[in-house]
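Residues -21 to -1, 1 to 215 (mature numbering (1 follows the signal peptide of the UniProt record, and there is no 0)) make up the sequence shown, in order.
We put the beta carbon where it would ideally sit given N, CA and C, even for glycine.
These numbers come from a predicted model, not from an experiment.
See structure below.
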Amino acid sequence: MRVTNCLYLGFVLCNAPSAMAELETTVVVKGDKFVYEGDISDDANETLLSLYKNNGQIKTLEIKSYGGEINLGMDLGEFVYKNNLTVEVNDYCFSSCANYVFPSGKRKVISNRAVIGFHGGASSNEFDYSEFEKELASLSTQQREETLNEMTKYMEKSTKREADFYSMMGVDQRITTLGQSAAFSLFDGEDYDGWYYSISALNKLGVDNVFVIDPPWEYKPIRSDLTLFEIDADKF
């Protein structure tokens, strides 16, 4: 695949393709929904928590996001799960949004054109270190060693947290990495950015209560430069 997780100095696992940069994130109340649009960020998560305190009767989070740092994604997912919110996706939910926010919903409501895209997580064995290595090259030997040590700690902590996160929800942790396994090596070339699951595959991985608005749900690329392959339940 063209895109795997990317590591950057500062210990940000930016779990989204670099070409997917979005404009400033907004979180607002619209009718009977919280609407979260843009990259998952600490500020946006805090805004949602603040809105929820004053609008606890609202039980649906509509999200449109290409993802963000994985721990912030898990922060948002834990909030959704613990407050029994419905997650609604009408357009797209990629990377940490797909990994951690979508599965956390008590109900998952998607339009018949919604794209839920995956391309790796904290437990992945495939990473694009190119940007990180460029940053390391500019550091002194001591700074490089300190940075690598901190990165190792960051990854170990994030991987453990991810395992606990999925265990809490009863979801198979392979959901973030299955498309990177040998069974799907056919798609390892330059033509694919990640994968999506059929509803039966999502169910098999522990993601249940998925409802489609005006079915059937069919994969339709939202951008010409973003290509995903399908994983169905009979493929694993």
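Task: Alpha-carbon to alpha-carbon, residue 22 and residue 185 - done: As a working note, residue 185 is residue 206 in the sequence shown. As a working note, residue 22 is residue 43 in the sequence shown. Those two C-alpha atoms are separated by around 30 Å.
Task: Nearest residue (CA-CA) to residue 3, options 77, 18, 133 and 14 - done: Residue mapping note: residue 3 aligns to position 24 of the sequence shown, counting from 1. Taking only the C-alpha atoms, the option nearest residue 3 is 18.
Open item on the list: Looking at the secondary structure, which residues open and close the alpha helix (DSSP H) in which residue 30 lies?
Closed with: Counting from one through the sequence shown, the residue named residue 30 turns up at place 51. Start and end: 21 to 33.
- [ ] Please say whether residue 27 and residue 84 have beta carbons closer to each other than 9 Å?
- [x] Taking the sequence shown and counting its residues from 1, one reaches residue 84 at position 105. Taking the sequence shown and counting its residues from 1, one reaches residue 27 at position 48. Their beta carbons are not under 9 Å apart, which means residue 84 does not touch residue 27 by this criterion.
- [ ] With residue 39 as the anchor, note down where its beta strand (DSSP E) starts and where it stops.
- [x] The residue you call residue 39 lines up with position 60 of the sequence shown. Element bounds for residue 39: 39 to 43.
Task: Under 9 Å between C-beta atoms of residue 42 and residue 15 - done: Here residue 42 corresponds to residue number 63 of the sequence shown, with the count starting at 1. Here residue 15 corresponds to residue number 36 of the sequence shown, with the count starting at 1. Cβ distance < 9 Å, so residue 42 and residue 15 count as in contact.
Open item on the list: I'd like the list of long-range same chain contacts for residue 183, defined as Cβ closer than 6 Å, with 5 residues on each side in sequence excluded.
Closed with: One-based indexing of the sequence shown puts residue 183 at position 204. Taken in chain order, the residues that qualify are 212.
- [ ] Let me know if residue 82 comes out buried or exposed under the rule of 16 or more other beta-carbons within 10 Å of its beta-carbon.
- [x] Here residue 82 corresponds to residue number 103 of the sequence shown, with the count starting at 1. Burial call: buried.
Task: Whole-number beta carbon distance between residue 73 and residue 158, since they are thought to touch under 8 Å - done: Mapped onto the sequence shown, residue 158 falls at position 179. Mapped onto the sequence shown, residue 73 falls at position 94. That belief does not hold up - the Cβ atoms of residue 158 and residue 73 are roughly 13 Å apart, past 8 Å.
TODO: Put residue 131 into one of helix, strand or coil per three-state DSSP.
DONE: Within the sequence shown, the letter at position 152 stands for residue 131. If DSSP states are grouped into helix, strand and coil, residue 131 belongs with the helices.
Task: residue -10 to residue 52 span [Cα, whole Å] - done: Walking along the sequence shown from the start, residue -10 turns up at place 12. Walking along the sequence shown from the start, residue 52 turns up at place 73. Model confidence at residue -10 stands at a pLDDT of 45, short of 50, so the residue's coordinates are unreliable; what they give is reported in the following sentence. Each residue's Cα considered, the two are about 12 Å apart.
Task: Whole-angstrom C-beta distance between residue 12 and residue 67, which should lie under 8 Å - done: By one-based count along the sequence shown, residue 67 stands at place 88. By one-based count along the sequence shown, residue 12 stands at place 33. Between residue 12 and residue 67 the Cβ distance is about 7 Å, and since that is below 8 Å, they are a contact.
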